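Below is one structure, written out as structure tokens; the observations come after it.
Protein chains: 2
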Amino acid sequence: MSTQDRFFIDRLAIVGVGLIGGSLALALKEAGCVGEVTGIGRGLPNLNLALELGVVDKITRELEEGVQQADVVFLATPVMTIPDLARRVLPAMKPGAILTDGGSVKGEIVERIEPYLSGEVAFVPGHPIAGTEKSGAAAAFPTLYRDRRCILTPTERTPAAATALIRRMWETVGSEVVVMDVDKHDRILAAISHLPHMIAYTLVNAVGSYDHFEENILEYSAGGFRDFTRIASSDPAMWRDIALSNRQALLEMLERYENFLGELKRDIAAADGQKLFEFFLNSKTLRDAIL
Amino acid sequence: MSTQDRFFIDRLAIVGVGLIGGSLALALKEAGCVGEVTGIGRGLPNLNLALELGVVDKITRELEEGVQQADVVFLATPVMTIPDLARRVLPAMKPGAILTDGGSVKGEIVERIEPYLSGEVAFVPGHPIAGTEKSGAAAAFPTLYRDRRCILTPTERTPAAATALIRRMWETVGSEVVVMDVDKHDRILAAISHLPHMIAYTLVNAVGSYDHFEENILEYSAGGFRDFTRIASSDPAMWRDIALSNRQALLEMLERYENFLGELKRDIAAADGQKLFEFFLNSKTLRDAIL
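Chains A and B are the protein sequences, given in the same order. Under our numbering, the letters of the first sequence match residues 82 to 372, in that order. Under our numbering, the letters of the second sequence match residues 82 to 372, in that order.
Shown next, in the form of structure tokens:
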């Protein structure tokens, strides 16, 4: 594995060969920056498909065996499973190798993995902000990470060289890498991703419950409502895990949101046109600035 | 004006020749179902443009004069202006003519217009559920209403023949017409349109305020957040007016929504994975059913 001139990973192990893990493998292969890719998973049908599609070069269901030779191990499984997998993987990895992950919440993962670090294997917590509604090896494609952000949250226990190598890996597949504090990552994600999902789920439940004693209100939903609530169709198990893993930051954002909602409600109840106009205008100004 | 076999409006007056009014004129012209269309407005540049583009056949800034000969008058101006315009228009209209509107809130409009009905002119409250982000005569296009819903909310003061004619008018331009109670209309719109706008405005303000002491959180917003908050870029004055006009139904929906949000927050705080899963699953099930 050379970190100097040309970026190359001799042996890469992907734990969880789905959209996230499979797309990284495909992108690195396409860039000619990886030697052998081992796909590790529980389900044989998906592993066989990954092999058949050329997403990976070898497959195994044996976690410890699969990571032994790897220079880089990428954990691309659901966020709740990452700490336990890391604990099993770390003692099996070779000295000097790097463990990284793609979990969308970082605080809990770091907290639960760091006690198990021996110093021989580096851990670089990561979060490529990319995805589609699809999953499984068949959903993987090499351009998933192009022009997307990837956040790395190294701690004081992460060797700088390991962070540099993982940064180069994500840059190689086209991402803009941002390095930040674990807590900041979790607050940002709570604000721009986790809170919106909570809001969409809540809106659909609230309108749906109304429907129970009125007549088919949801039936009247036009394109706007359908677009707005699209994210409420996301995987409930995944979002349960995210909500649990990022509880603290999410509760803080929810409280802030509730306060603004309360303000808006009071302004509507008071029929305060001037305050409503300012509330909406301020939001429009902020929103237009990120267009 | 024949309501029997072939549908035809001899003289139509459109008050407010923008996207909504202009598109109705264009669609009826394209269908060959209208004789002369008079465009009425305050701004000469927009009226001249409407004339030039063939959206209308005549233009005037004199409201009472413009509606005198009309068989049907369509008020397509901002929701707050409709009652006052109706009060001025009604005495000027000829006996047997029909007044209708496109306001997105119906209760307040009906309440404020009905006392001024003399019995000689019928009023059919309506709401074509269509629109784009654009406005003005140049934004009008004949297929705006195709395959969209149009809600009519006749009251006991509305002659059935007048409702039937306005129904045919909207069907002629491709809409599916639904007739319902004024209150039901306002509750449905509060649920599927007004509440989502309030939520989007609130979300952007909450996240934006967080930004004031953190670093540029909105800058990290990926496509998902931008899509979800798109409606927070809507016209603040229009939404102030809608929030004020539909206050009661909107407050009711906001309260319901707040209750669900409180439940979700409690489940997150209690780390109740089972309840969170059920909350998200219920929402996904409801949402997938309206796909």
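All C-beta atoms, glycine included, are put in the ideal place defined by N, C-alpha and C. For clarity, every value in this text was computed on a predicted model and none was experimentally measured.
query: Between A/Gly-183 and A/Ile-190, is the Cβ-Cβ spacing less than 7 Å?
result: Position 102 of the first sequence holds residue 183 of chain A. Position 109 of the first sequence holds residue 190 of chain A. Against a cut-off of 7 Å, the Cβ pair of A/Ile-190 and A/Gly-183 comes out as no contact.
- request: Using a threshold of 7 Å, state whether the C-beta atoms of A/Val-154 and A/Leu-128 are closer than that.
  value: Here the question's residue 154 of chain A lines up with position 73 in the first sequence. Here the question's residue 128 of chain A lines up with position 47 in the first sequence. Not closer than 7 Å, so no.
- prompt: In whole angstroms, what separates the C-alpha of B/Arg-230 from that of B/Ile-298?
  reply: Numbered from 1 along the second sequence, position 149 holds the residue referred to as residue 230 of chain B. Numbered from 1 along the second sequence, position 217 holds the residue referred to as residue 298 of chain B. Between B/Arg-230 and B/Ile-298, the C-alpha separation is close to 39 Å.
field: Contacting residues, own chain, Cβ-Cβ under 8 Å from B/Gln-149 (five flanking each side not counted)
entry: The sequence position of residue 149 of chain B within the second sequence is 68, counting from 1. Hits under 8 Å: Ala-173, Met-174, Lys-175.
- prompt: Mind checking A/Ala-243: buried by the 16 CB within 10 Å criterion, or exposed?
  reply: Residue numbering aside, residue 243 of chain A sits at position 162 when the first sequence is read from its first letter. When all chains shown are included, A/Ala-243 counts as buried.
Cβ neighbours of A/Leu-109 in the same chain (closer than 8 Å, five flanking residues each side left out): Counted from its first residue, the first sequence places residue 109 of chain A at position 28. Cβ neighbours of A/Leu-109 beyond the five flanking positions: Ile-90, Leu-93, Val-115, Val-118, Met-250, Thr-253, Val-254.
message: I need the straight-line Cα distance from A/Ser-83 to A/Gly-177, nearest angstrom please.
response: As a first step, residue 83 of chain A is located in the first sequence; it is residue number 2 there, counting from the start. As a first step, residue 177 of chain A is located in the first sequence; it is residue number 96 there, counting from the start. Bear in mind that the predicted position of A/Ser-83 carries a pLDDT of just 47, short of 50, making it too unreliable to give a figure here.
message: For B/Asp-264, which residues in the same chain have their Cβ closer than 8 Å to its Cβ, ignoring the five residues on either side in sequence?
response: As a first step, residue 264 of chain B is located in the second sequence; it is residue number 183 there, counting from the start. Hits under 8 Å: Gly-188, Ala-330.
- prompt: Can you tell me whether A/Ile-317 is buried or exposed, with buried defined as 16 or more other CB within 10 angstroms of its CB?
  reply: One-based indexing of the first sequence puts residue 317 of chain A at position 236. Looking at the sequence itself, residue 317 of chain A is Pro, so the reference to Ile does not match. The residue in question, A/Pro-317, is buried, as its Cβ has 16 or more Cβ neighbours within 10 Å.
task: Please say whether A/Ser-315 and B/Val-285 have beta carbons closer to each other than 7 Å?
output: For the purposes of this step, residue 285 of chain B is identified with residue 204 of the second sequence, where counting begins at 1. For the purposes of this step, residue 315 of chain A is identified with residue 234 of the first sequence, where counting begins at 1. In this structure, A/Ser-315 does not lie closer than 7 Å to B/Val-285 by Cβ.
- request: Residues of the stretch 161–176 of chain B with a CB closer than 8 Å to any CB of chain A: list them in chain order, please.
  value: none
field: C-beta atoms of A/Ile-371 and B/Ser-290 nearer than 7 Å
entry: As a position in the first sequence, residue 371 of chain A is number 290, starting the count at 1. As a position in the second sequence, residue 290 of chain B is number 209, starting the count at 1. No, the Cβ-Cβ distance between A/Ile-371 and B/Ser-290 is not below 7 Å.
- prompt: In the stretch 228–244 of chain A, which residues sit with their C-beta less than 9 Å from some C-beta in chain B, listed in chain order?
  reply: Arg-229, Arg-230, Ile-232
task: Look up B/Glu-117 in the DSSP assignment and say whether it is helix, strand or coil.
output: Position 36 of the second sequence holds residue 117 of chain B. Note: B/Glu-117 maps to strand in three-state DSSP.
A/Val-288: first and last residue of the uninterrupted alpha helix (DSSP H) it sits in: In the first sequence, the residue the question calls residue 288 of chain A occupies position 207. Looking at the DSSP string, the run of the alpha helix (DSSP H) that includes A/Val-288 is 276–292.
task: Please name the residue in B/Val-96, B/Ala-167, B/Pro-209, B/Phe-360 whose C-alpha comes closest to that of B/Pro-196.
output: Within the second sequence, numbered from 1, the residue matching residue 196 of chain B stands at position 115. The residue with the shortest Cα to Cα distance from B/Pro-196 is B/Ala-167.
- request: Pick helix, strand or coil for B/Asp-348, following the three-state DSSP scheme.
  value: The residue given as residue 348 of chain B occupies position 267 in the second sequence. DSSP places B/Asp-348 in helix when its eight states are reduced to three.
message: Within 10 Å of its beta-carbon, does A/Asp-165 have 16 or more other beta-carbons around it, so buried, or fewer, so exposed?
response: The residue labelled residue 165 of chain A in the question sits at position 84 within the first sequence. Result: exposed.
query: Measuring CB to CB, does B/Ala-203 end up less than 7 Å from B/Pro-240?
result: Walking along the second sequence from the start, residue 203 of chain B turns up at place 122. Walking along the second sequence from the start, residue 240 of chain B turns up at place 159. In this structure, B/Pro-240 lies closer than 7 Å to B/Ala-203 by Cβ.
task: Report the partner residues of B/Thr-141 according to the DSSP bridge assignment.
output: Locating residue 141 of chain B in the second sequence gives position 60, where the first residue counts as 1. For B/Thr-141, which the question treats as bridged, DSSP gives the partners B/Ile-121.
message: Suppose you measure from the CA of B/Leu-125 to the CA of A/Leu-367; what does that come to, to the nearest Å?
response: For this step, residue 125 of chain B is matched to residue 44 along the second sequence. For this step, residue 367 of chain A is matched to residue 286 along the first sequence. Approximately 33 Å between the Cα atoms of the pair.
- prompt: Within 7 Å (strictly less), CB to CB, does B/Arg-248 reach chain A?
  reply: Taking the second sequence and counting its residues from 1, one reaches residue 248 of chain B at position 167. Closer than 7 Å: no.
message: I need the DSSP call for B/Gly-207, collapsed to helix, strand or coil.
response: For the purposes of this step, residue 207 of chain B is taken as the residue at position 126 of the second sequence. Looking at B/Gly-207 - three-state DSSP - the assignment turns out to be strand.
- prompt: Who are the Cβ neighbours of A/Met-161 in its own chain at under 7 Å, not counting the five residues just before and after it?
  reply: Here residue 161 of chain A is taken as the residue at index 80 of the first sequence, counted from 1. Cβ neighbours of A/Met-161 beyond the five flanking positions: Asp-322, Ser-326.
message: Quick check: what's the CA-CA separation for A/Ala-157 versus B/Arg-248?
response: Against the first sequence, residue 157 of chain A aligns to sequence position 76. Against the second sequence, residue 248 of chain B aligns to sequence position 167. Looking at the two C-alpha atoms, the distance is approximately 56 Å.
- prompt: How is A/Val-258 classed by DSSP in three states: helix, strand or coil?
  reply: The residue labelled residue 258 of chain A in the question sits at position 177 within the first sequence. In this structure, A/Val-258 counts as strand in the three-state DSSP scheme.
- request: Can you give me the start and stop residues for the alpha helix (DSSP H) that B/Ile-298 sits inside?
  value: Position 217 of the second sequence, counted from the start, is the residue given in the question as residue 298 of chain B. Looking at the DSSP string, B/Ile-298 is not in any alpha helix (DSSP H), and its letter there is neither H nor E.
- request: Determine the extent of the beta strand (DSSP E) in which B/Phe-360 is found, giving its start and end residues.
  value: For this step, residue 360 of chain B is matched to residue 279 along the second sequence. Taken as a continuous stretch (DSSP letters only), B/Phe-360 belongs to no beta strand (DSSP E), being part of the alpha helix (DSSP H) at 354–370.
- prompt: Do A/Tyr-338 and B/Ala-287 have their CB atoms nearer than 7 Å?
  reply: Position 257 of the first sequence holds residue 338 of chain A. Position 206 of the second sequence holds residue 287 of chain B. Contact: yes.
query: Taking only beta-carbon atoms, is B/Ala-108 less than 7 Å away from chain A?
result: Stepping through the second sequence from its first residue, residue 108 of chain B is reached at position 27. Judged by the 7 Å Cβ criterion, B/Ala-108 is not in contact with chain A.
query: In chain order, what residues of the same chain lie with their CB nearer than 6 Å to the CB of B/Ala-313, ignoring the 5 residues before and after it?
result: As a working note, residue 313 of chain B is residue 232 in the second sequence. So the list reads Ala-281, Tyr-282, Val-285, once near-sequence residues are dropped.
Per-residue DSSP class, three states only, for B/Arg-227: Taking the first residue of the second sequence as 1, we reach residue 227 of chain B at position 146. Reduced to three states, the DSSP call for B/Arg-227 is coil.
field: Cβ neighbours of B/Met-334 in the same chain (closer than 7 Å, five flanking residues each side left out)
entry: As a working mapping, residue 334 of chain B is identified with position 253 in the second sequence. Answer for B/Met-334: Ala-271, Ala-272, Leu-276, listed in chain order.
Any chain B beta carbon closer than 7 Å to A/Leu-362: The count along the first sequence starts at 1 and reaches residue 362 of chain A at position 281. A/Leu-362 counts as touching chain B.
- prompt: For A/Phe-360, which residues from the same chain have a beta carbon less than 7 Å from its beta carbon, with the 5 sequence-adjacent residues on both sides left out?
  reply: Residue mapping note: residue 360 of chain A aligns to position 279 of the first sequence, counting from 1. These residues qualify, in order along the chain: Leu-345, Asp-348.
query: Which one of A/Ala-112, A/Ile-121, A/Ala-220, A/Lys-356 has the shortest CA to CA distance from A/Val-170?
result: By one-based count along the first sequence, residue 170 of chain A stands at place 89. It is A/Ile-121 whose Cα lies nearest to the Cα of A/Val-170.
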